[in-house]
Amino acid sequence: MKKFWYFIYNVFFLPFLYILLRTGGLFKRKIREGIKGRKRVFEDLILKNRELDRKKKVIWFHSASLGEFEQAKPIIKKLWQMEKFNIIITFFSPSGFENSKNYPYANIISYLPFDSRANAEIFVRIVRPDLAVLMRYDIWPNFIRELKKARIPCYIVDATMRKNSSRALPVIKSFHKALFSDITKILTVSESDAEAFRIFKCSDGQLRVVGDTRFDRVYEKSLSAKEKKLINPDVLEGKKVFVAGSTWEQDEEVILPAFLKLAKFDKDVMMIIAPHEPTVLHLEKLENQFAGKISSIRFSHLNNYSGERIIIVDSIGILLTLYTYADVAFVGGSFKQNVHNVLEAAVYGVPVMFGPKINNSQEAKQLAERGGGLLIRGKREAYRRMRTLFSDEQLRKQRGQIALEYVKENIGATDKIIGEIEKVI
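Under my numbering, read the sequence shown as residues 10 to 434, first letter to last.
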């Protein structure tokens, strides 16, 4: 059956996917960048591979994109600090590669070649990894098969699986059963994920519940973020700060009216809003919404601060640090499609608000169940929640402490994963 599925994949699915990518490249710059970036991938790998200290074992980490790589970073950093491994990192998407090509804890950073049988064979022959670590879900069949043929252990890390996943549908399930059978270890985030993998006949020897490295990563980043001084303390002195992060227009339609109403009654509240996409048009739209109602200033103009009550963040990459200033936080995406990372706010010990679209986030659900997170469904509820939290300091701190304890309870996945790695390398 396994041979049948690999035949179907290589003869029918892979050519279709290749045509789709080529066609998409005509219209999308990101896809074109990915195709162009792979043109010399083998030549570059050969040159860089010669510089490796072959007395050290080689661990190959693969991530689909930047988000998955963030989860790999705590593992990679600790392995690098052991000074006995060569670390090779690959990405499927340009966003991952371009934003990480200067990452300091790796010997080689590269695109992953497209998943043909020939490419997989050449890649494994050049890199010669002693272990392959695939982050979350970016699993390419020909690479998996080539690793199996070469008797190279292959781990899936931070693995998640829903019991109602489309991968468990008839026919598709049979394909994934064949694919997962070639994986050495599947290190899952939770017991429910492990149970879902058992649907594919994964053995107890393959599965181990280790937790989620995102908790380790946000905690590690929060420690350094607290040392940064992005905003002059005088600006926030005596203020109660509401940070709305990664917001889309659908989020702002709920949050902004609620905050404006709150600001009429509480003269000490202040908002920092960081749009997910701070384009010129989006920033101007926000400024127009505030005009005549409340004073605002862009983050890049804070040197000219003169009492404005709303700071509009017009840069990217600083949100995690901005959450350090929050007394209450809102995490966006939750009124659009999927909530963004609630842990980035929770790690600072503040109550975390979010909208109803949280099916993608077990962390948001668990925070809401414990009371450290607050789910809101509309403007009125948003206002009531904000009014209560900002008027009751004891309640605010209590809910914030619950959020922080939730993060701390789940730290430690990195050490467990490294323990599993050291068993085979």
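All C-beta atoms, glycine included, are put in the ideal place defined by N, C-alpha and C.
- One alpha carbon belongs to Pro-179, the other to Lys-172, and they sit about 13 Å apart.
- About 21 Å separates the beta carbon of Gly-341 from that of Thr-397, a gap too long to meet the 8 Å contact definition.
- Taking a 10 Å sphere around the C-beta of Asp-62, we find fewer than 16 other C-beta atoms and assign the residue as exposed.
- CA-CA distance, Ala-300 to Glu-317, rounds to 12 Å.
- DSSP, read as helix, strand or coil, puts Ser-72 in strand.
- In this structure Pro-83 is not in contact with Asp-260, their Cβ atoms being roughly 29 Å apart against a cut-off of 8 Å.
- In summary, Gln-90 is exposed, with fewer than 16 beta-carbon neighbours lying within 10 Å of its beta-carbon over all protein chains present.
- Here the C-alpha atom of Lys-237 lies approximately 11 Å from the C-alpha atom of Tyr-334.
- A direct Cα-to-Cα measurement between Ile-303 and Leu-271 gives close to 12 Å.
- With respect to the 8 Å criterion, Arg-134 and Asn-151 are not classified as neighbours on the basis of their beta carbons.
- Taking a cut-off of 8 Å for Cβ pairs, the segment 309-329 and the segment 360-374 do not touch, as fewer than three such pairs fall below it.
- Note on geometry: alpha-carbon atoms of Ala-203 and Arg-217 lie some 7 Å from one another.
- Per DSSP, the continuous beta strand (DSSP E) segment holding Arg-217 begins and ends at 216-218.
- Between the C-alpha atoms of Lys-210 and Ala-159 there is a straight-line separation of about 23 Å.
- For Asn-128, the uninterrupted alpha helix (DSSP H) run begins and ends at 126-136, by DSSP.
- When secondary structure is reduced to three states using DSSP, Ile-264 falls in the helix class.
- Your pair Ala-129 and Glu-155 checks out as a contact, with CB atoms roughly 4 Å apart and the cut at 8 Å.
- Assigned with DSSP and collapsed to three states, Gly-254 falls in strand.
- Taking Lys-157 as reference, the option from Leu-75, Leu-245, Ala-141, Gly-46 with the minimal CA-CA separation is Ala-141.
- In the displayed model, Met-170 falls within coil according to three-state DSSP, outside both helix and strand.
- DSSP links Phe-363 through a beta bridge to Leu-384.
- Just so you know, the alpha carbons of Pro-122 and Ser-201 end up roughly 33 Å apart.
- Around the C-beta of Asp-167, 16 or more other C-beta atoms lie within 10 Å, and the residue is accordingly described as buried.
- By the CB criterion at 8 Å, Phe-363 and Ala-355 fall outside the cutoff.
- A check of alpha carbon separations from Thr-197 across Glu-229, Ser-190, Tyr-164 identifies Tyr-164 as the nearest.
- Its chain contains Pro-83 as the residues whose beta carbon lies nearer than 7 Å to that of Glu-229, once the 5 sequence neighbours on both sides are disregarded; these appear in chain order.
- The residue among Phe-70, Lys-249, Tyr-18 with its C-alpha nearest the C-alpha of Ile-117 is Phe-70.
- The residue among Val-337, Leu-56, Phe-268, Pro-162 with its C-alpha nearest the C-alpha of Val-433 is Pro-162.
- Each residue's CA atom was taken as its position, placing Ile-148 and Glu-92 some 28 Å apart.
- Nearest in C-alpha terms to Glu-60, of all of Ile-96, Gln-215, Arg-41, is Ile-96.
- Straight through space, the alpha carbons of Arg-389 and Ser-400 are spaced by roughly 16 Å.
- Between the segment 99-108 and the segment 34-49 there are three or more C-beta pairs closer than 8 Å, enough to call the two in contact.
- Within the model, the alpha-carbon separation for Gln-407 versus Ala-253 is close to 20 Å.
- About 6 Å separates the Cβ atoms of Lys-87 and Thr-423, confirming a contact at the 8 Å cut-off.
- The alpha-carbon of Ala-377 is positioned some 42 Å away from that of Tyr-27.
- Spanning the alpha carbons of Ile-17 and Ala-187 requires a straight line of approximately 12 Å.
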